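Take the first sequence: its position 67, counting from 1, is numbered 67 in my numbering, and each next residue is one higher. Note that beta-carbon positions come from the ideal geometry of N, C-alpha and C, so glycine has one too. Quick caveat: nothing in here was measured; it's all calculated off a predicted structure. To start, the structure under review is shown below, and the notes come after it.
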Amino acid sequence: MLEHYGPQDWWPGESPLEIMIGAVLTQNTSWKNVEKAIANLKDADLLHLGRLHETRVEELAEIIRPSGYYRLKAKRLHNLIRHVMTQYEGDLTWMFSHDVATLREELLGINGIGPETADSILLYAGNLSTFVVDAYTARIMKRHGWIDWEADYHQIQDHFVSQVPAEVEHYNEFHALIVRTGNEFCRKTPKCQGCPLECYLPESGIQEPL
DNA sequence: GTCCCGGGAA
DNA sequence: TTCCCTGGAC
1 MLEHYGPQDW WPGESPLEIM IGAVLTQNTS WKNVEKAIAN LKDADLLHLG
51 RLHETRVEEL AEIIRPSGYY RLKAKRLHNL IRHVMTQYEG DLTWMFSHDV
101 ATLREELLGI NGIGPETADS ILLYAGNLST FVVDAYTARI MKRHGWIDWE
151 ADYHQIQDHF VSQVPAEVEH YNEFHALIVR TGNEFCRKTP KCQGCPLECY
201 LPESGIQEPL
């Protein structure tokens, strides 16, 4: 994938706060729509912890509307912002200076932050070593027969952690390349023609479970 | 399993 | 028109 695409230079966001917001807004949503929502936040001058904290959830919802699930995501964003403000006085540098495992559990305790969103925030906003597993990762691994069809988030994550040196740069680049490849080729209906992983397809072809 | 939801592609 | 998208909670 790296040979095919070159470095991805991720995450596509200008600040840790913007990356955290993007991680929530992109839940089950195409990045294209997230960009519109983030542009709205910029126009409203709301890419700022303090101002976001003061903004009412209903108002925030209208601003992020293009990202879909907007009422739900407005609450989730507020939950995350509130946590940073109350626990870390709005100091993201301080927050990300903590132990990864502890911080991960803490993030998972916030309503609306699941494993993928937590790992995305830790890796891409905090530059902390954790491997992000998403729908594309699971699809690529399972379709190629590299992991069990029933494997869950943690099992897939463990597979990578056990085989890839735990450097932030590796985890960052690997996930970014998986997303790029997944987005272009490993769609719901696979388009293996021209995929950088085409030569690794199983002889039997892709066998989707019922 | 169902709900949350807009927008682009098919 | 339908289908899918860098999920998560219930």
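Output needed for residue i: all residues of its chain with C-beta closer than 6 Å, excluding positions within five of it in sequence on either side, in chain order.
i      : result
ASN40  : ILE63
TRP11  : ILE19 and TYR124
LEU60  : ALA74
ARG230 : Since the displayed the chain opens at 1 and closes at 210, residue 230 lies outside it and no answer follows.
Please name the residue, chosen from the options, that lies closest to residue i on a Cα-to-Cα basis.
i      : options                          : result
HIS78  : PRO16, TRP94, ASP91 and VAL57    : VAL57
TYR70  : ASN183, ALA125, THR93 and VAL34  : VAL34
CYS186 : ARG76, GLU208, VAL161 and LEU103 : GLU208
GLU184 : LEU197, GLU173 and ASN172        : LEU197
PRO115 : HIS170, TYR5 and VAL133          : VAL133
GLN27  : VAL84, ASN172, PHE96 and TYR136  : TYR136
ILE206 : HIS170, TYR171 and TRP146        : TRP146
VAL161 : PHE131, MET141 and GLU150        : PHE131
ASN172 : SER15, GLY182 and ILE121         : ILE121
SER67  : ASP99, THR86, VAL24 and VAL100   : VAL24
Counting only the same chain and skipping the five closest in sequence on each side, list residues whose C-beta sits under 8 Å from that of residue i.
i      : result
VAL168 : LEU123, ASN127, LEU128 and SER129
ILE81  : LEU49, LEU52 and HIS53
ALA44  : ILE63
Can you grab the Cα-Cα spacing for the pair residue i / residue j, in whole Å?
i      : j      : result
SER204 : HIS144 : 10 Å
ASP148 : LEU108 : 25 Å
VAL179 : LYS32  : 14 Å
TYR153 : HIS159 : 10 Å
ARG104 : LYS42  : 28 Å
ASP119 : THR102 : 12 Å
ARG76  : HIS83  : 11 Å
ALA138 : TYR88  : 34 Å
THR189 : CYS195 : 13 Å
LEU177 : ILE38  : 23 Å
PHE174 : GLN8   : 9 Å
TYR200 : ASN111 : 39 Å
SER15  : GLY90  : 14 Å
ILE21  : ILE113 : 11 Å
ALA151 : PRO202 : 18 Å
SER30  : LYS36  : 11 Å
LEU72  : MET1   : 35 Å
Got a sec: does the ligand SAM put a non-hydrogen atom nearer than 7 Å to the Cβ of residue i?
i      : result
GLU208 : With respect to the ligand SAM, the structure shown offers nothing to examine, as it has no ligands at all.
Apart from the five residues on each side of it in sequence, which residues of its chain come closer than 7 Å, Cβ to Cβ, to residue i?
i     : result
LEU17 : LEU47, LEU49 and LEU92
Runs of beta strand (DSSP E) wholly within the stretch 32 to 114 (minimum 3 residues, chain order) = none
Contiguous beta strand (DSSP E) assignments of at least 3 residues, all confined to the stretch 131 to 189 = none
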